[in-house]
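Asks: Residue numbers (UniProt numbering): 1 to 138. For glycine and all other residues, C-beta sits at the position ideal for the given N, C-alpha and C.
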C-alpha cells in the first residue's frame, strides 16, 4: 500500500467532497419522491414520514390516462440499450478495420475522426432539429 502524503490526502478529501456534492441531487430526488406531496418543498432533507403514495399515484393515473408508465419506461430502456449496443459494435468494427487496413489517406481519416470527437453533440442535435422542422417531421 502506498504511503499517504499530505498532498494525496488533500486531493482525496477534495474528490470525496466533490463526489458528495454531485451525489446530493440524486439523494434529494429519491428522498423527495418518498415524501408526502405537502412535504416535498420543505427545507429538511429527512422528514419523519416516508410513503410510497407518489409511486402508487403515478402508476394508477398513468393506467387511467391510457399511458402506461412502466411500458413507456421499458420502451425507453430497450431503445437506449439497443442503440448503445449497436453503436458500440459498429464502432469497434470500423475501428478495427481502420487500424488493420492500409490505405491512402489513412492519416487524414484518423485526424478527421479525432476532430469530429471534439464537436459537441448539441451542434449536431441543432442541425437535426432544424432539418426536421424544415421537412415538417414531428
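#1: Rounded to whole angstroms, what's the CA-CA distance from residue 100 to residue 42? Just pull it up for me.
#2: Buried or exposed, going by whether 16 or more other CB atoms sit within 10 Å of the CB of residue 107?
#3: With 16 as the cutoff for other CB atoms within 10 Å, does residue 2 come out buried or exposed?
#4: Apply the 10 Å Cβ neighbour rule to residue 67 and answer buried if 16 or more other Cβ atoms are within range, or exposed otherwise.
#5: So for residue 105, helix, strand or coil by DSSP?
#6: Within this structure, are the beta carbons of residue 54 and residue 37 separated by less than 9 Å?
#7: Closer than 7 Å by C-beta to residue 35: which residues in its own chain qualify, once you throw out the five before and the five after it? Chain order, please.
#8: Under the three-state reduction of DSSP, which class applies to residue 91: helix, strand or coil?
#9: Can you tell me whether DSSP reads residue 42 as helix, strand or coil?
#10: Thinking just about the alpha-carbon of each residue, which of 79, 33, 103 and 74 is nearest to the one in residue 57?
#11: Check whether the Cβ of residue 61 sits closer than 8 Å to any heavy atom of the ligand MG, and report yes or no.
#12: How about residue 62 and residue 69: do their beta carbons lie closer than 9 Å?
Replies: With the structure as the only source:
#1: 60 Å
#2: exposed
#3: exposed
#4: exposed
#5: coil
#6: yes
#7: 47 and 50
#8: helix
#9: coil
#10: 33
#11: The ligand MG is not part of this structure, which contains no ligands at all.
#12: yes
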